[in-house]
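A.B. asks:
Residue numbers (my numbering): 3 to 765.
1. Pull up the DSSP beta-bridge partners for residue 337, would you.
2. Just how far apart, CA to CA, sit residue 739 and residue 100?
3. Do residue 343 and residue 376 have their CB atoms nearer than 8 Å?
4. Within 10 angstroms of its Cβ, does residue 210 collect 16 or more other Cβ (buried), or is it exposed?
5. One question on the structure: do residue 176 and residue 296 come within less than 8 Å of each other, judged by their Cβ atoms?
6. Would you mind sorting residue 84 into buried or exposed? The rule is 16 or more other CB atoms within 10 Å of its CB.
7. Going by beta carbon distance, what residues of the same chain come within less than 8 Å of residue 654, once the five residues before and after it are set aside?
8. Classify residue 71 as buried or exposed, calling it buried when 16 or more other Cβ atoms lie within 10 Å of its own Cβ.
9. Measuring alpha carbon to alpha carbon, tell me which residue in 705, 692, 103 is nearest residue 747.
10. Does the Cβ of residue 244 lie closer than 7 Å to at least one heavy atom of the ligand HEM?
11. How many whole angstroms separate the CB atoms of residue 547 and residue 474, which I take to be in contact at a CB cut-off of 8 Å?
12. Excluding sequence positions up to five away, which residues of its chain have a Cβ less than 6 Å from the Cβ of residue 589?
13. Among the candidates 339, 481, 420, whose CA atom is the shortest distance from the CA of residue 622?
14. How about residue 44 and residue 57: do their beta carbons lie closer than 8 Å?
15. Mind checking residue 393: buried by the 16 CB within 10 Å criterion, or exposed?
16. Count the other CB atoms within 10 Å of the CB of residue 628; is the residue buried (16 or more) or exposed (fewer)?
17. DSSP state of residue 174, grouped into three classes?
18. Using the Cα positions of residue 423 and residue 440, report the straight-line distance between them to the nearest angstrom.
19. Does the structure place the segment 161-180 close enough to the segment 268-281 that three or more beta carbon pairs sit under 8 Å?
20. Here's the rule: buried if 16 or more other CB atoms are within 10 angstroms of the residue's CB, otherwise exposed. What is residue 15?
21. So, does the segment 480-494 touch the segment 384-392, judging by three or more C-beta pairs under 8 Å?
22. What is the DSSP secondary structure of residue 406, reduced to helix, strand or coil?
23. Grouping DSSP H, G and I as helix and E and B as strand, with all else coil, what is residue 15?
24. Taking buried to mean at least 16 other C-beta atoms within 10 Å of its own C-beta, is residue 763 buried or exposed?
25. Should the segment 9-29 be regarded as contacting the segment 47-54, the criterion being three or more beta carbon pairs within less than 8 Å?
26. With 16 other CB atoms within 10 Å as the buried threshold, where does residue 767 fall?
27. What residues are listed by DSSP as bridge partners for residue 26?
28. The beta strand (DSSP E) spanning residue 275 covers which residue range?
29. Could you compute how far the alpha carbon of residue 593 sits from the alpha carbon of residue 90?
30. To the nearest angstrom, how far is the alpha carbon of residue 560 from that of residue 404?
31. With distances taken between CB atoms, is the gap from residue 149 to residue 134 smaller than 8 Å?
32. By Cβ distance, which residues of its chain are closer than 8 Å to residue 695, with the 5 residues on each side in sequence left out?
33. Would you grab the beta carbon distance between residue 226 and residue 250 for me? Rounded to a whole angstrom, and I think it's under 8 Å.
34. Going by alpha carbons, who is nearest to residue 73 out of 276, 140, 106?
35. Which value, in whole angstroms, describes the spacing of the CA atoms of residue 368 and residue 324?
36. Residues in the same chain with beta-carbon distance under 7 Å from residue 12, minus the five sequence neighbours each way, listed in chain order, please.
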């Protein structure tokens with residue numbers, strides 16, 4: 003045991019490297035591992051302790067950020083290979099610097115055909131060895147989608163896209179694919195027969211029934227017919243399917259290469275399946291083929307499964323164990339099924355790989371003992387430094403007075419909470435009343451006082467996430483049927499009530515069951531608050547429905563439930579709390595923060611636009627609390643995700659100190675720029691709210707003299723920003739449903755106002 007204790011002490015010392023300051027580097031073709039290595043002296047001179055690297059694993063084609071990971075165990079070739087990474091790591095270590103990796107456990111990129119796991123699922127359906135990796139409901143409410151994945155990848159309705167030849171069958175290296183604008187999708191091997199038997203009699207007549215090539219094609223068709231089906235689950239049959247389908251592809255590729263007649267036959271059939279524009283019936287063949295696939299044309303991964311965690315963390319944990327990576331930034335943990343469990347598994351994986359790096363000959367039993375010893379020594383006190391030897395920053399967005407879950411084995415957050423607190427110091431709280439009055443007069447009282455967060459979350463649930471909410475509703479409906487006290491609730495009333503409770507949630511999510519307990523006091527308070535607010539907003543909905551949802555979320559189950567019935571309720575709660583995060587992110591971050599424009603420097607991720615400034619005393623209290631519990635948390639004033647930089651926010655904050663002067667400017671600019679507005683649907687465009695955002699944006703970006711590219715570049719940046727802001731607001735236009743007339747009016751307004759001279763009083 004003494005040897006075990008000594009080894010564990012070495013492991014904890016190896017992983018427990020102190021973090022002082024980070025420098026984030028956005029990797030890509032313009033900044034590779036080799037470039038980072040050359041920056042080591044500069045970073046060292048700045049006093050940086052860790053290079054903070056953006057996601058560097060293989061991602062989608064032309065990925066600009068790297069968050070759409072397609073392979074967790076290979077580096078992005080645009081950034082470098084393993085040797086490049088090792089050289090970079092050595093260069094940093096030579097200067098005493100560590101490396102923090104940004105990891106994305108919650109989802110994977112599935113665009114194009116770069117994700118091998120996803121392509122296998124699309125080719126083989128539920129029988130794919132990776133089908134359990136992805137969060138796919140193979141038995142949805144809509145029977146037509148049973149054993150299929152719905153892929154929303156088309157630019158228009160399916161029939162129009164099909165008949166305009168935007169979907170095209172192609173043959174390559176023994177396999178059939180369907181090409182679309184964003185990439186290509188695999189065709190299930192068993193359905194190859196639909197293509198290979200089309201006009202087969204003609205090939206028989208040309209070659210003769212006993213021709214070796216024709217016999218080989220017949221044999222291939224027989225092999226395809228005997229492949230285990232897509233819904234097969236028996237391990238032996240799955241192994242047979244995987245083996246035999248690849249053999250069939252190799253045989254077909256060889257036959258097409260060998261025989262010009264068979265090659266011409268396949269090419270002619272592909273052309274026939276791709277139809278003739280203007281002749282709808284000629285697309286029936288391809289339509290029939292696509293209908294037989296494991297997907298329907300119209301992404302999260304299950305990190306809670308140990309096999310998925312191991313498969314997706316193999317490389318990163320190896321690098322941690324070798325000391326080449328000394329910290330992790332975890333993207334969007336609120337999207338995980340069980341975030342606390344994930345962080346615990348991450349720390350245990352780090353301990354295991356560090357132990358193997360220190361003692362390469364360690365057998366599995368001893369390695370497991372080391373992990374068990376770590377768990378035993380630290381499990382009773384998650385706040386202890388030894389409980390979280392690997393430095394991990396969680397991209398957890400805290401709202402209001404929300405605190406980071408105490409049981410998470412992390413160093414802290416990525417700093418949005420600190421950012422909001424610091425920014426609040428520079429907003430004059432005495433300016434709230436005049437700034438609110440000005441905003442109300444400018445945009446109208448109704449627009450100024452609207453609950454944009456509530457409304458935007460409702461919009462997201464009706465448009466972008468309707469299927470997820472409907473699935474929750476059907477799940478709760480099944481639960482309600484098991485009790486005579488709740489079976490009278492209709493499906494539609496349950497869906498409506500779920501939507502209302504989610505819209506009223508005051509935080510991104512709750513964590514029922516995540517800490518091994520039933521319901522924490524923290525989560526109980528949030529649930530009670532959300533349900534109470536939803537009930538007040540909807541007096542026409544039976545209060546008993548809201549009580550049922552509240553009791554289910556609080557795990558207050560009826561007596562006499564079977565183990566299976568209790569498990570179904572627990573699963574509903576886990577799924578519910580996994581949904582509230584993305585609804586809030588899309589509804590608040592991506593929508594409401596472009597609608598409430600009273601003082602746009604407050605419209606930041608993790609900030610509350612309704613909280614106008616922060617007292618110095620509150621700032622010190624937050625810092626003291628953070629120091630006591632999360633002393634190694636990141637302190638950020640800007641990140642790659644913030645909507646504005648520190649300088650822009652600081653300039654806009656000053657408006658709170660001079661509301662009278664600001665009012666005079668706004669009135670003058672409104673008169674000067676009125677002539678550049680257009681009429682769209684009987685109303686001036688841009689509307690008053692977008693116009694008010696535009697003026698504050700100019701203040702944040704001023705002075706123009708600091709733009710080395712000059713006025714044209716400045717105008718273009720403002721134009722591009724206003725396009726983004728108005729589309730994100732989703733009030734008059736959006737990315738999915740653009741209004742060309744409104745978009746053109748906004749663009750013309752920006753250009754015609756000649757923003758480079760606006761501050762001087764010209765227009």
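Just so you know, even glycine gets a beta-carbon here, dropped at the ideal spot from N, CA and C. Because the structure is a prediction, the values reported are computed rather than measured.
C.D. replies: Checking against the coordinates, here is how it stands:
1. Residue 337 is not bridged to any residue.
2. 45 Å
3. no
4. exposed
5. no
6. exposed
7. 601, 602, 603, 646, 698, 701, 702
8. buried
9. 692
10. The ligand HEM is not part of this structure, which contains no ligands at all.
11. Actually they do not touch by this definition, with Cβ atoms about 14 Å apart.
12. 458, 459, 462
13. 420
14. no
15. buried
16. buried
17. strand
18. 25 Å
19. yes
20. exposed
21. no
22. coil
23. helix
24. Because the pLDDT at residue 763 is just 40, under 50, the model does not fix this residue reliably, and the value given afterwards should be weighed accordingly. That one is exposed.
25. yes
26. Residue 767 lies beyond the range of the chain shown here (3 to 765); nothing can be said about it.
27. 54
28. Premise fails: residue 275 lies in the alpha helix (DSSP H), 262-275, not in any beta strand (DSSP E).
29. 40 Å
30. 31 Å
31. no
32. 596, 599, 602, 724, 727
33. 6 Å
34. 106
35. 19 Å
36. 360
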